[in-house]
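Under numbering that gives the first Met the number 0, the residues of the sequence shown are numbered 0 to 168, in order.
Each residue gets a CB set at the ideal place from its N, CA and C atoms; glycine is no exception.
Given the structure is predicted, the values throughout are model-derived calculations rather than measurements.
Here's the structure, in structure tokens; my notes come after.
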Amino acid sequence: MTFRIDGLRGLVDALNELGGEYAVEASERALREALKIPAKAMRQNIPVRSGKGRRSIRYKIDKRTDQLASGTVGVFGRRAWYMRLVERGVAPHDIPSEMRGRGRNRRRNKAVAVINGRVVGRVKHPGFQPKSYLADAFESSQQRTLLEFRDALAEMIVVQATRKARDSR
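Given below as structure tokens:
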């Protein structure tokens, strides 16, 4: 889920005039403020059992990009690895029996489950339908995010322009 912001000519011209590290700093700070909105919407939209999924929703600013600013909102970390399964769903499948695979893969497939006190070597998992909690929250907060980015960028351009003027003395 990504979106580009086009049509902010006045702000783009101001960023070009600012130039260099000041423009990068202004755009990254504005993006950081804007990404808080979809992250908060995702946290509010997700159902809670243990809270791991909710706590793993974060935003990151990508420093390794050729663009002025790039960021990501989503589930990060290993604690809530299952959130991608909840978001996209799982097809019906078999959890493999222990005798599947050859060579060194044979050891990896010794998956067993305990069902009603009985150890079984193979389980038919029914799968489940996708529940797009994160995508829905992202879509519902997209307009507010764009408006917040525009306002924060205008504010950060002024802040960075005064910083540039102070540094050039």
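- The criterion of a C-beta distance shorter than 8 angstroms is satisfied by F137 and P37.
- L133 and A68 have their alpha carbons spaced roughly 22 angstroms apart.
- Leaving aside the five residues that flank S26 on each side, the residues in its chain whose CB is nearer than 6 angstroms to its CB run, in chain order, L67 and A68.
- For Y58, the uninterrupted beta strand (DSSP E) segment begins and ends at I56 to I60.
- The beta carbon of S131 lies closer than 7 angstroms to those of E86 in the same chain, with the five residues before and after it left out.
- Excluding sequence positions up to five before and after E32, its CB lies within less than 7 angstroms of the CB of E147 and A151, all in the same chain and listed in chain order.
- Cβ-Cβ distances below 8 angstroms link R78 to K51, R54 and S55 in the same chain, with the five nearest sequence neighbours on each side left out; the list follows chain order.
- Rounded to whole angstroms, G19 and V157 show a C-alpha spacing of 15 angstroms.
- In the DSSP assignment, K163 falls within the alpha helix (DSSP H) that extends over Q141 to D166.
- With respect to F75, K59 sits close: the two C-beta atoms are nearer than 8 angstroms.
- CA-CA distance, Q141 to N115, rounds to 46 angstroms.
- Closest in alpha carbon position to V72, among A40, V89 and D12, is A40.
- Excluding its 5 nearest sequence neighbours in each direction, L30 has C-beta neighbours in its own chain below 7 angstroms: I60, A68, G70 and F148, listed in chain order.
- By the C-beta density criterion, Y81 is exposed, having fewer than 16 other C-beta atoms within 10 angstroms.
- By DSSP's assignment, T71 forms a beta bridge with K59.
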